[in-house]
Structures are given as C-alpha cells and as structure tokens.
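These notes are about the structure you will find just below.
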Amino acid sequence: MKKEYLSIALPKGRILQDAVELFSKAGIDIRHILEDPRRLVLEVPEENIRFMLIRAQDVPVYVEYGAVDMGIAGKDVLYEQGRDVYEPLDLGIGRCRMVVAEPEELSRQDNPSGWTHLRIATKYPNITTRYFLERGIEVEIIKLYGSIELAPLFGLSERIVDLVQTGETLRKNRLVEVETIMDVTAKLICNRASLKMRPSAVRGIIERLKEVVEG
2 MKKEYLSIAL PKGRILQDAV ELFSKAGIDI RHILEDPRRL VLEVPEENIR FMLIRAQDVP
62 VYVEYGAVDM GIAGKDVLYE QGRDVYEPLD LGIGRCRMVV AEPEELSRQD NPSGWTHLRI
122 ATKYPNITTR YFLERGIEVE IIKLYGSIEL APLFGLSERI VDLVQTGETL RKNRLVEVET
182 IMDVTAKLIC NRASLKMRPS AVRGIIERLK EVVEG
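In our numbering, the protein residues as written are 2 to 216.
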C-alpha cells in the first residue's frame with residue numbers, strides 16, 4: 002500500500018530558489034518547480050513527498066494547523082507570528098538582518114540612547130514593539146505592507162524597521178541603519194503532531210537537509 006504523501010510548504014519569494022537548491026542537493030530534485038510560477042503543487046512520487054508553494058507569511062500557519070507536515074520559514078516571520086511549531090534546523094539561507102533605519106539628516110543629530118518615544122513604520126509590529134518596550138521606549142507603530150522606505154520620506158513616520166540584505170535600497174532612499182534588531186535566516190519547521198505520527202519520514206527529511214547544511 003502506498004504511503005500518504007509527506008507535505009512540505011515552500012515559501013514564494015526571495016528564498017525559494019535557495020530552498021529548492023537545498024532539496025536538490027539533498028537528493029530531491031525539484032528545480033523544475035521554478036519553471037512555471039503558476040504551479041503551486043509538485044508531487045515527487047518516488048519520495049512520497051508533495052511540495053506546495055505558499056506565501057511566506059502563511060507557511061507557519063499551514064504547518065501549525067497540520068495542513069502541511071513541514072515547511073521553510075524565515076526567522077522574521079516565526080518571531081513575528083509566534084506560532085507553535087517545531088524548529089529543528091537553521092538552513093542558513095535567506096541571510097539578512099532586521100534593522101532600525103532613519104533619514105540621513107536625522108541620523109547626523111540623533112542619539113539612540115536618548116530615545117523615549119518613537120513613531121515607526123514596519124511590516125513587523127510585534128517584533129518592533131517588543132524590541133523597544135524591553136528597552137523602556139514607547140513606540141507608536143504604523144503597520145505597512147508595501148515599500149517601508151517611503152514612510153520617512155513623506156512624513157508618515159520618523160523611522161522604519163525592515164529587513165535589509167546589502168542596504169542598497171536604504172541608501173538609494175537616503176536612509177541609514179541605526180540599530181540591528183536581529184540577524185535573520187530561514188528555518189525548517191515541523192508540525193508537532195506530524196513529528197509524532199510520522200517520525201521516520203519527518204526525521205528523514207531533517208537529516209538529509211542537515212547533511213547538506215553542515216556539509
């Protein structure tokens with residue numbers, strides 16, 4: 002009798018190609034999933050695995066509720082959402098950092114040690130709120146979904162909290178990094194029930210990816 006597919010959610014967006022390469026190096030070649038951006042499901046019958054492409058922010062939701070057994074999610078998404086999932090492996094892909102940034106003109110006279118109340122635009126209200134409240138700084142959050150860099154330029158906020166890789170987008174918009182909140186990489190996550198019900202299949206994937214990451 003054929004086993005039920007192990008389901009794995011891959012995030013659309015910036016780390017998809019790196020994630021696909023990881024699985025391919027682990028002996029599960031799914032590189033052709035990149036050929037058709039409209040393709041959302043790919044079955045690998047010889048491995049009894051089904052891959053799904055899901056919006057990055059939705060991956061932890063699918064994993065927590067058991068709609069999929071495993072997934073790949075950025076540390077930023079996991080910390081922001083606080084989902085109840087098992088995180089067995091840091092994959093080391095999608096490296097970037099979450100920073101506080103402000104306009105160049107403001108930074109010339111600014112002193113972060115004197116901050117008491119800030120207005121910040123961000124896609125990460127929970128992480129941002131915790132970070133500043135732990136330092137005793139009141140923060141007014143403006144949640145945005147698009148280009149965060151525009152907020153200070155049009156007076157919506159004084160500062161932003163966002164992800165950066167090279168910092169080039171900040172520089173082009175005359176913003177500078179002031180503080181680093183956290184370094185971010187992508188993690189392999191698992192549904193806790195799947196780990197108990199299908200330990201061999203789940204741990205098999207963990208070990209195969211671990212060999213690639215550590216190798």
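Quick reminder that beta carbons are idealized off the backbone N, C-alpha and C, glycines included. This structure is a prediction, so every number in the text was calculated from the model and none was measured.
Asked: DSSP state of Asp-111 mapped onto helix, strand, coil; Found: coil
Asked: Close Cβ partners of Ser-158 (< 6 Å) along its chain, the five nearest in sequence each way excluded; Found: Arg-120, Ile-121, Ala-122, Ile-143, Ala-152
Asked: Between the CA atoms of Thr-170 and Arg-193 - distance to the nearest angstrom; Found: 38 Å
Asked: Contact set for Pro-126: own chain, Cβ-Cβ below 7 Å, skip 5 residues either direction; Found: Ile-142, Lys-144
Asked: Residues near Tyr-80 in its chain [Cβ-Cβ closer than 6 Å; skip 5 each side]; Found: Ile-128
Asked: Where the beta strand (DSSP E) through Ser-8 begins and ends; Found: 7 to 12
Asked: Stretch pair the stretch 10 to 20 + the stretch 55 to 75: three plus CB contacts closer than 8 Å; Found: yes
Asked: C-alpha distance - Ala-27 paired with Val-179, whole-angstrom precision; Found: 39 Å
Asked: Minimum C-alpha distance to Val-162 - residue among Phe-52, Ala-187, Asp-77, Pro-61; Found: Asp-77
Asked: Nearest-angstrom Cα separation, counted from Val-100 out to Glu-150; Found: 12 Å
Asked: Simplified DSSP assignment, three categories, for Pro-38; Found: coil
Asked: Start-to-end residues for the beta strand (DSSP E) that takes in Phe-1; Found: Only positions 2 to 216 of the chain appear in this structure, which leaves residue 1 out of reach.
Asked: 8 Å contact criterion, which Ile-94 and Leu-176 should meet: CB distance rounded; Found: At roughly 26 Å, the Cβ-Cβ gap does not stay under 8 Å, so Ile-94 and Leu-176 are not in contact.
Asked: Local conformation of Arg-175 per DSSP, three classes; Found: coil
Asked: Tyr-146 versus Leu-107, Gln-58, Glu-36, residue with shortest Cα-Cα distance; Found: Gln-58
Asked: Buried or exposed by the 16-neighbour rule on C-beta atoms within 10 Å, applied to Lys-173; Found: exposed
Asked: Residues near Glu-44 by beta carbon distance below 6 Å, same chain, minus five either side; Found: Arg-51
Asked: Sub-8 Å separation of Lys-188 and Leu-92 beta-carbons; Found: yes
Asked: Start-to-end residues for the beta strand (DSSP E) that takes in Leu-119; Found: 118 to 123
Asked: Local conformation of Arg-98 per DSSP, three classes; Found: strand
Asked: Contact check, Glu-105 vs Asp-111, beta carbons under 8 Å; Found: no
Asked: Terminal residues of the beta strand (DSSP E) in which Ile-190 lies; Found: 187 to 191
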